[in-house]
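Report on the structure given below.
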Amino acid sequence: MVNLPARKRIILFKLRFNRGEPAPPHRFLMDWMGATEIHPLPAVNGILCSLPPSISDEEIMATGGVAAVEKNFKIKLNSYEVVPFYHSWPEGNQYIPQGIRILEAPEFWPRTKGQGVRVAVMDTGIDGQHPDLLPNLKGGMNFIYPGKAFADDNGHGTHVAGIIAAADRGQGIVGMAPEAQLYAAKVLDQRGEGTVYHVISAIHWCVKNKINIVNMSFVLDSYSGALKEALRYAREQGLLVVAAANNELVGEASYPAVFEETVGVKSIGADPPMAGLNQDESGIDFAGPGNSVVSTYRWGTYACLTGNSMAGAYISGLAALLKADHPGKGVGKLYRRLKERLAVPHRVPTKKLQVQGLSG
């Protein structure tokens, strides 16, 4: 007889949790299905657990008390290109990236530089010792290795963070919203890998910590109803979630960027546009600068990267400026202000023509 291994599943219940915790009816179902290694997911009214091979997903759904059962899908860091780069500006001087000029961020700066707005970078972590990021980095959490530091062991998260909110300190580089508050939500390991469970947990943490804007640079190959439900919860709680489109997909669904609960972003690249990016790709909201972007990197250094992740970070930074400029506005109004700002002909072209589900 072959002993089949237990399988990991995310289970969403129909009956609401009691103050974020499973109630007796939930625990009855968990006991019945033989669930072990249970991790509550309050954001989606569900759990991550291990199930024995003796019970099928179909049997669990047939109980009537479960809304969905799905695999704990893997997520991966969006692909990007490393561009040869030599630190060329004089020491003690400040470099203003081209994307900031394209999106005309300095127009906001006499009024606001993003102060009071909390932006979570859901990525590989952030280098908290980088001099350009240290003034604005206010906290974070490591969801890959709970209890450990959220330090960036890859570099991508640090690069994205600098685009959004590198401090205006008169040297180094400056970000779109140089006084916004940065938070690191480490959902990807050194190889750029994680799971939907990590993201759902991070979304719940963002809500608890009153984050305003979430920047996502990961992709997944499969549709995840659990992730979509978590994003719906985030939107209801007032979070604007910006997600970079998959660089490797053209004309196909790019999760999570195509979910109506996110603001999907792709790169306009250079002139001509970056190869492999389809300006008519459905489900993507906006296009932003993403070609040869210089930003912060690990160990206090700088790097030049190309990809949709860079474009998404620019839009997150712009959203932070708009939020600071109109702090009382909800997610829907913030989205519409983004749309108005980016729809001006001399600025970066936009894609989304309707506010899909983003009301408020």
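Residue numbers (my numbering): 1330 to 1689. Every residue gets a Cβ at the ideal spot worked out from N, C-alpha and C, and that includes glycine. Computed from a predicted model, the values in this text were never measured in an experiment.
Whether residue i touches residue j by CB criterion (8 Å)
| i | j | result |
| --- | --- | --- |
| P1435 | G1501 | no |
| G1486 | I1455 | yes |
| V1528 | G1641 | no |
| F1342 | A1396 | yes |
| G1619 | G1646 | no |
| G1521 | T1441 | no |
| H1533 | L1634 | no |
| L1462 | G1443 | no |
| L1511 | A1494 | yes |
| Q1427 | V1503 | no |
| S1621 | A1632 | no |
| P1354 | G1394 | yes |
| M1726 | S1596 | Nothing about residue 1726 can be read from this structure; the chain reaches only from 1330 to 1689. |
| V1525 | Q1566 | no |
| M1545 | A1649 | no |
Segment limits, alpha helix (DSSP H) that includes residue i
| i | result |
| --- | --- |
| S1530 | V1525 to K1537 |
| T1487 | H1485 to A1494 |
| F1357 | P1353 to M1362 |
| D1456 | Where D1456 is concerned, there is no enclosing alpha helix (DSSP H), given that its DSSP letter is neither H nor E. |
Residue interval of the beta strand (DSSP E) (run including residue i)
| i | result |
| --- | --- |
| V1622 | V1622 to T1625 |
| L1647 | Element bounds for L1647: not the beta strand (DSSP E) but the alpha helix (DSSP H), N1637 to D1654. |
| R1336 | R1336 to F1342 |
| M1390 | No beta strand (DSSP E) holds M1390; the alpha helix (DSSP H) holding it covers D1386 to M1390. |
| G1375 | G1375 to L1380 |
Residue i CB to nearest heavy atom of the ligand HEM below 7 Å
| i | result |
| --- | --- |
| A1372 | Inclusion of the ligand HEM in the displayed structure is not the case, the ligand content being empty and no account of it being possible. |
Bridge-paired residues (DSSP) for residue i
| i | result |
| --- | --- |
| N1401 | DSSP output for N1401 lists no bridge partner at all. |
| M1470 | A1514 |
| E1410 | T1635 |
| L1549 | Y1584 |
| N1544 | V1450 and V1571 |
| Q1566 | DSSP, once it has assigned bridges, lists no residue as partnering Q1566. |
| Y1424 | I1502 |
Three-state class that DSSP yields for residue i in the structure shown
| i | result |
| --- | --- |
| N1347 | strand |
| A1555 | helix |
| R1670 | helix |
| Q1608 | The pLDDT assigned to Q1608 is 38, lower than 50, so where the model puts this residue is not dependable, and the model offers no usable value. |
| I1431 | helix |
| L1560 | helix |
| G1476 | coil |
| P1369 | strand |
| K1442 | coil |
| R1498 | coil |
| E1522 | strand |
| V1660 | helix |
* Hey, is the region 1335-1342 in contact with the region 1373-1383, meaning 3+ C-beta pairs nearer than 8 Å? -> yes
* **Cβ contact check for the region 1436-1455 and the region 1526-1543: 3 or more pairs under 8 Å** => yes
* Are three or more beta carbon pairs between the region 1397-1407 and the region 1349-1369 nearer than 8 Å? -> no
* the region 1549-1563 touching the region 1576-1593, judged by at least three CB pairs closer than 8 Å -> yes
* **Stretch-stretch touch, CB-based, cutoff 8 Å, three pairs: the region 1362-1377 with the region 1552-1559** => yes
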